[in-house]
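This report concerns only the one structure given below.
Protein chains: 2
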Amino acid sequence: MYPEIGEIHSVAVIGCGLIGTSAALALRRRGMVIYLHDTDPTAASAAAGRGAGILGLPPSAVDLTVVAVPPHSTAAVLADCQTKGLSRAYTDVASVKSVPAREAELFGCDLTTYVGGHPMAGGERSGPMAASAELFDDRVWVLTPDSRTRLDVLRAVADLVTRIGARPIVMAPADHDRAVARTSHVPHLVSALLAARLAGADEAVLRLCGAGIRDTTRIAAGNARLWTEILRANADEISAVLAEVATDLQTAAHALHGDPAQLTALLGRGNAGRAALTTTMSAPGWPSAGVGVYRQLDESVSR
Amino acid sequence: MYPEIGEIHSVAVIGCGLIGTSAALALRRRGMVIYLHDTDPTAASAAAGRGAGILGLPPSAVDLTVVAVPPHSTAAVLADCQTKGLSRAYTDVASVKSVPAREAELFGCDLTTYVGGHPMAGGERSGPMAASAELFDDRVWVLTPDSRTRLDVLRAVADLVTRIGARPIVMAPADHDRAVARTSHVPHLVSALLAARLAGADEAVLRLCGAGIRDTTRIAAGNARLWTEILRANADEISAVLAEVATDLQTAAHALHGDPAQLTALLGRGNAGRAALTTTMSAPGWPSAGVGVYRQLDESVSR
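As C-alpha cells, this is what we get:
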C-alpha cells in the first residue's frame, strides 16, 4: 500500500513556457507553493519575476510535478523527474497523448503515479511573458489515465485542474488524439494554409481583408516549430481528417463550374457542423454540464 | 451635359436583407429619406418596422438607388430600376463585381449613372432582423467604376458610403474579384470544410472544441444558397486559389510522415501571411491610411 496523495499543496513546474507559467500563476492565486524550472534559465527567471513561484527545483519532494515541455521531450523529462524523486505524482500538458504515453512506457516511467493531461487552451503568443492566470478558466482539461494510473493520483490531478479554473474530463489517449486531430490540429494546419495565401500579397489585396479572414487565420500565428512537432506526433489521425478535407476540396472545385447542388450540400454540412459546435459550446455549464466529474472519473477508470 | 448629382438626400433600397437594411439604417442616422422595397413584402415590412425607412417604391425619382439583391439578380434588378427611372444614380452591393458588370452591359443598362459596390462586411446571420446601423462602420467599401461611370456619380456614391460609416476605395471589377477570392471566398469555403468535419461528430469530440476551431469556423454558418451563388459567380478566381491550397495540403500530408522542414516552412508561410494581415489591419487609420480618398478617386478614374 501507499499513502494516498490527497490534496495538493506544493507543485514543481518543469518548463516555463506559456502553459507551464500560466498554470503556475493560476495555482499561485490559490496560495500554493510552486517551484519553477526550465532548461532555459531566462524563461524560468521571467516566470519567477512574474510571480509564478520560486526559482529552482524543490529542495525536497513536492506533491505534484507538472511537466510542461514540448511533446517530444515530455516522456524523457518525466523519466528524469521520477528518477530524481521530484514529487509523489506527475502529470504533463502535451497536446498529443498517445506518443508520450508510449514513450513513458519505453523509458520505464512509473505509470502508477503519472496521469497524462492536455488543457484545451493556448494562444498564438508563446513564452512566460504571454502567460496568464486566467488562461484555463472554464476550459476543458483532458486527463488520460492509463489502466495503471492510481485512482488517488487521478483524483488529485483532477482536483488540481479544477483549482486552476479548468474542467477536467477523462478520455483514453487514443480517443483524445482522434478528437483533437479534428477539433484542433487540422484547423490549425488549414488556418496556416489560408494565411499562407496572404504571404507576399499586395497592399490592394490586404486592404480587402475583413473579419472573416481575420478570424479564420488567427491561430495561424502559432509557433511553426512547436506546431510541426505537435502535428507530426499525431500524424496518423491528422492524415485521416486531411483526406476528408482533400476530398471535399476536390468536390467543391468541380462544383464551382459544375453542379451547384453539390456546392450547396457541402456548405450545408458546414452549417450543420458549425451548429453542432455552437450548440455544444453554448449549453449551460458547458463543458461539464450534467457530468459529476468525480463520478465520471470513477466510472471511466476501470480497475 | 447633365445636372451633377451632388449630395445625396433620398435613397431607394431595393432588397431588404442584411446588407440593404443595414445600409438603410445607417443612412437614417444621417436623416436621409429612404424608401424600402423587396419582392418579399415581409422583408420590406420588417425593415420598415425597424425604422429603416418608408415602405414602398419612391413616388418620384430619388437621388440614388442601392440594389441590394443576390449577385445573380443584380443586373436584372438594376435594368428594371433604370427602366422605371427610379433615381438619378445607381449602385449595388454584390460580393462579386465582374459578372454583374458584364450582365449590366448585356441588359443594356445605362453605365454612366451606375457604379458597382461591395461593402466588406456581413455576418453569418441574414435578413432584416439581423441588420445593424453599425455594420459598415470603418469597413472597406469597394467601388468598381466602369470607364463610362460619370465622375459625379462616383463621387456622390463615395460620399454616401462615407456617410454610411465605411471607407470607400476604388478598384477595377477584375482586381476586386481576384482579391476577394483570396481574402473572402476561399476562406469561406475552407471554413465550411473545417466545420463539416464536426457534422455528426460525437459529444466527446465536440467537448474538445476550443477557441481555435470556434474562430476558424465562425463564417461557416453563412447561408449555403447565397454562398453557392457568390462562389460560382467568381469560380475562375476561386479555382486558382483552391489549386494553391490543394498543393499545400498535399505537401503537408506528405510532410506529416516525411520531412519536418517542409511542414515548418508551410506553417512559417502561414505566420508570414498572418503577420501581413495584422500589420495592415492594425495600421493607424486603416483601411484608408494616407489615402485622400477623393484624390484617389480622381486618379483611379481615367477619362
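First to last, the sequence lines map onto chains A and B.
In terms of our numbering, the first sequence opens at residue 1 and continues consecutively.
In terms of our numbering, the second sequence opens at residue 1001 and continues consecutively.
A virtual CB, placed ideally from N, CA and C, is assigned to each residue, including glycine.
Nothing here was measured: the structure is a model prediction, and the numbers come from that model.
Going by DSSP, which residues form a beta bridge with residue i?
i	result
A:Trp-227	According to DSSP, A:Trp-227 bridges with nothing at all.
A:Val-67	A:Ile-14, A:Asp-92
B:Ile-1005	In DSSP, B:Ile-1005 forms no bridge with anything.
A:Ser-87	A:Val-62
B:Ile-1034	B:Val-1011
B:Arg-1167	B:Val-1140
B:Leu-1078	Answer by DSSP bridge pairing: none, since B:Leu-1078 is not bridged.
B:His-1118	B:Val-1142
B:Ile-1054	B:Tyr-1035
Let me check understanding here. Comparing Cα to Cα, which of the options lies closest to residue i?
i	options	result
A:Ala-325	A:Thr-183, A:Ala-61, A:Asp-177, A:Ala-47	Past the boundaries of the shown model lies residue 325 of chain A; chain A is included only from 1 to 303, so the question cannot be answered.
B:Asp-1152	B:Ile-1213, B:Pro-1059, B:Lys-1084, B:Leu-1064	B:Leu-1064
B:Thr-1042	B:Arg-1102, B:Ser-1191, B:Met-1129	B:Met-1129
A:Arg-269	A:Glu-244, A:Phe-107, A:His-254, A:Met-281	A:Glu-244
B:Val-1115	B:Thr-1074, B:Gly-1122, B:Ala-1121, B:Asp-1248	B:Thr-1074
A:Ala-121	A:Leu-277, A:Pro-3, A:Gly-20	A:Gly-20
B:Ala-1172	B:Thr-1280, B:His-1118, B:Arg-1029	B:His-1118
B:Leu-1160	B:Arg-1029, B:Ala-1204, B:Leu-1018	B:Arg-1029
B:Asp-1202	A:Cys-109, A:Thr-279, A:Cys-81, A:Gly-6	A:Thr-279
B:Asp-1138	B:Thr-1162, B:Ala-1158, B:Leu-1154	B:Thr-1162
A:Met-32	A:Ser-184, A:Ala-196, A:Ile-164	A:Ile-164
B:Ala-1061	B:Leu-1194, B:Ala-1196, B:Val-1069, B:Gln-1082	B:Gln-1082
A:Arg-225	A:Pro-168, A:Asp-175, A:Leu-189, A:Asn-271	A:Leu-189
A:His-257	B:Pro-1187, B:Ala-1195, B:Tyr-1002, B:Asn-1234	B:Asn-1234
B:Ala-1276	A:Asp-146, A:Val-140, A:Arg-207, A:Val-93	A:Arg-207
A:Val-66	A:Ser-239, A:Val-11, A:Gly-85	A:Val-11
A:Val-205	B:Ala-1204, B:Ala-1192, B:Val-1140	B:Val-1140
A:Gly-6	A:Asn-271, A:Arg-150, A:Val-93	A:Arg-150
Taking just the CA atoms, how far does residue j sit from residue i?
i	j	result
B:Ala-1156	A:Val-142	58 angstroms
A:Ala-166	A:Phe-136	5 angstroms
B:Cys-1016	B:Asn-1223	16 angstroms
A:Thr-264	B:Trp-1227	8 angstroms
A:His-9	A:Ala-89	12 angstroms
B:Ser-1282	B:Ile-1213	23 angstroms
B:Ala-1076	B:Ser-1087	16 angstroms
B:Phe-1107	B:Ala-1079	6 angstroms
B:Ala-1246	B:Leu-1231	17 angstroms
A:Ala-220	A:Gln-262	29 angstroms
B:Glu-1004	B:Lys-1097	25 angstroms
B:Leu-1198	B:Leu-1027	40 angstroms
A:Leu-100	B:Thr-1216	It is worth fixing the name first, because residue 100 of chain A is Pro in this sequence and not Leu. In a straight line, the C-alpha of A:Pro-100 is about 28 angstroms away from that of B:Thr-1216.
B:Pro-1058	B:Cys-1209	50 angstroms
B:Cys-1109	B:Thr-1091	12 angstroms
B:Ala-1068	A:Arg-102	59 angstroms
B:Tyr-1002	A:Pro-260	44 angstroms
A:Gly-200	B:Ala-1195	28 angstroms
A:Asp-305	A:Pro-168	The requested residue 305 of chain A is not part of the displayed model; chain A covers only 1 to 303.
B:Val-1180	B:Gly-1049	33 angstroms
B:Ala-1104	B:Gly-1085	16 angstroms
A:Arg-274	B:Gly-1273	25 angstroms
For residue i, return the contacting residues in chain B, with the cut-off set at a CB-CB distance below 8 angstroms.
i	result
A:Asp-215	Asp-1215, Thr-1216, Arg-1218, Ile-1219
A:Val-245	Leu-1193, Leu-1194, Arg-1197, Leu-1249
A:Ala-276	Leu-1198, Ala-1199, Gly-1200, Ala-1201, Leu-1206
Using a Cβ-Cβ cutoff of less than 6 angstroms, which residues in the same chain neighbour residue i once the five nearest sequence positions on both sides are dropped?
i	result
A:Ala-24	Val-13, Ile-34, Ala-52, Gly-53
B:Arg-1182	Val-1241
B:Ser-1022	Ala-1131, Ser-1132, Leu-1135
A:His-72	Glu-229
A:Ala-174	Ser-98
Which residues in chain A have a C-beta closer than 9 angstroms to the C-beta of residue i? List them in chain order.
i	result
B:Arg-1309	The question about residue 1309 of chain B has no answer here: the residues shown for chain B are numbered 1001 through 1303.
B:Gly-1273	Ala-192, Leu-194, Ala-195, Ala-196, Arg-197, Leu-198, Ala-199, Gly-200, Ala-201, Thr-217, Ala-220
In its own chain, which residues sit with a C-beta less than 7 angstroms from the C-beta of residue i, not counting the 5 before and 5 after it?
i	result
A:Ala-44	Cys-16, Leu-36, His-37, Asp-38, Leu-55
B:Arg-1218	Glu-1124
So, for residue i: in the same chain, excluding its five sequence neighbours on each side, which residues have a beta-carbon less than 8 angstroms away from its beta-carbon?
i	result
A:Ile-178	Note on residue identity: the sequence assigns Arg, not Ile, to residue 178 of chain A. The residues are Glu-237.
A:Leu-18	Gly-122, Gly-123, Arg-125, Ser-126, Gly-127, Pro-128, Ala-130, Ala-131, Leu-135
B:Arg-1148	Leu-1111, Thr-1112
A:Gly-290	With a pLDDT of only 35 at A:Gly-290, under the threshold of 50, the placement of this residue in the model should not be trusted; the figure read from the coordinates follows. Taken in chain order, the list of residues that qualify is empty.
B:Leu-1266	Asp-1248, Thr-1251, Ala-1252, Ala-1255
B:Pro-1184	In the sequence under discussion, the amino acid at residue 1184 of chain B is Ser, which differs from the Pro named in the question. Excluding residues within five positions, the ones whose Cβ falls inside 8 angstroms are Ser-1095, Met-1120.
A:Asp-144	Per the sequence shown, residue 144 of chain A should be read as Thr rather than Asp. The residues are Lys-97, Ala-101, Val-115, Gly-116, Gly-117, His-118, Val-170, Met-171, Ala-172, Pro-173, His-176.
A:Tyr-294	Here the model assigns A:Tyr-294 a pLDDT of 46, short of 50, so the residue's position is not dependable, and the following value carries that caveat. These residues qualify, in order along the chain: Arg-155, Ala-158.
Residue i versus chain B: which residues are under 7 angstroms apart at the beta carbon?
i	result
A:Ser-98	Result: empty, since nearest Cβ-Cβ is about 15 angstroms, beyond 7 angstroms.
A:Thr-228	Pro-1260, Leu-1263, Thr-1264, Leu-1267
A:Ser-239	Ala-1253, Leu-1256
Shorter than 7 angstroms, the distance from the beta carbon of residue i to the closest heavy atom of the ligand SAH, or not?
i	result
A:Pro-71	No copy of the ligand SAH appears in this structure; indeed no ligand is present at all.
List, in order along the chain, the chain A residues whose C-beta lies closer than 7 angstroms to that of residue i?
i	result
B:Met-1281	Cys-209, Arg-214
What residues from chain B crowd round residue i, counting only those whose CB sits closer than 9 angstroms?
i	result
A:Ile-321	An answer regarding residue 321 of chain A cannot be provided, because it is not within the stretch 1 to 303 covered by chain A.
A:Ser-184	Leu-1208, Cys-1209, Gly-1210, Gly-1212, Ile-1213
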